[in-house]
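Residue numbering for the sequence shown follows my numbering, beginning at -12 and increasing consecutively.
Written below as structure tokens is the structure these notes are about.
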Amino acid sequence: GYKLVWSDDFNSPQLDDSKWMYRSDVKMESSQRPENVSVKDGKLVIHLRKEKHRGKQYTGGGVISKQKFRYAYYEARVKMHGFAGWHQSVWSMFGGDGSTTYPQMMRTEIDGMEFDSDVPTKGHMGLIIWQSPEKKRSLTCSPGVYRAPLGFDASADYHTYGYEWTQAKINFYLDGEL
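Listed below in structure tokens is the structure:
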């Protein structure tokens, strides 16, 4: 019963800046750089590099949709990176201008798939309700096992990570399975 209202198949030679903005923050072990994001053969490519930048030893990249969304079904077909050093995810949260992952309006974070690349066979899907950006502490987090076995190596091939967010609940999907 859903109607498609927004998508991007990355069929242009470069990122569509009418739909996307770049992450430019520094978080965990890496500095996010717009020049690490490209489009090739219908795929969004995020280059992960071992290089010094803004006090970090690694650089990565990311994109944030300019369109604001709420309740809907979301999915992304992704092949994760398989080397230690980068934290990777398909996630949703109010993004502001991309300069911080702790914007003032931050409250709900939905992790469609989150994992640390040192163990590409384990991941996490869940919901976090943040207390406030200043405290950087969550009020709630969905039950489950962080870094649970996926049953496959997420860096070996593409998989579809999805979630359905309604006013009452969030359902998570992996390759179309609830």
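Even for Gly, the Cβ is constructed at its ideal location relative to N, Cα and C.
Grouping DSSP H, G and I as helix and E and B as strand, with all else coil, what is residue i?
i     : result
E22   : helix
A141  : coil
Q75   : strand
S104  : coil
W(-7) : coil
S11   : coil
F56   : coil
A155  : coil
M112  : strand
K37   : coil
Do residue j and residue i come within 8 Å of each other at the CB atom, strictly closer than that value?
i    : j     : result
K43  : S18   : yes
V50  : R10   : yes
E96  : W78   : yes
K6   : Q54   : yes
G149 : G99   : yes
G169 : D(-4) : What the structure shows of the chain is the stretch from -12 to 165, and residue 169 is not part of that stretch, so it cannot be assessed.
G110 : A71   : no
Y60  : E151  : yes
S25  : M67   : no
F102 : A155  : no
Are there 16 or more other CB atoms within 10 angstroms of the CB of residue i, so buried, or fewer, so exposed?
i      : result
Y(-11) : exposed
N23    : buried
M15    : exposed
D3     : exposed
G144   : In the sequence on display, residue 144 carries Asp and not Gly. Burial call: exposed.
P107   : buried
L137   : buried
D162   : exposed
D12    : buried
Going along the chain, which residues of its own chain have a beta-carbon closer than 6 Å to the beta-carbon of residue i, five neighbours each way excluded?
i     : result
Y160  : G149
Y133  : H111
E62   : T147, G149
W(-7) : Q54
Quick one: does residue i have its CB under 8 Å from some CB of chain D?
i    : result
E164 : Among the protein chains of the structure shown there is no chain D, as only one such chain exists.
Report all residues from its chain with a CB closer than 8 Å to the CB of residue i; omit the five preceding and five following residues, and keep chain order.
i    : result
T153 : Y58
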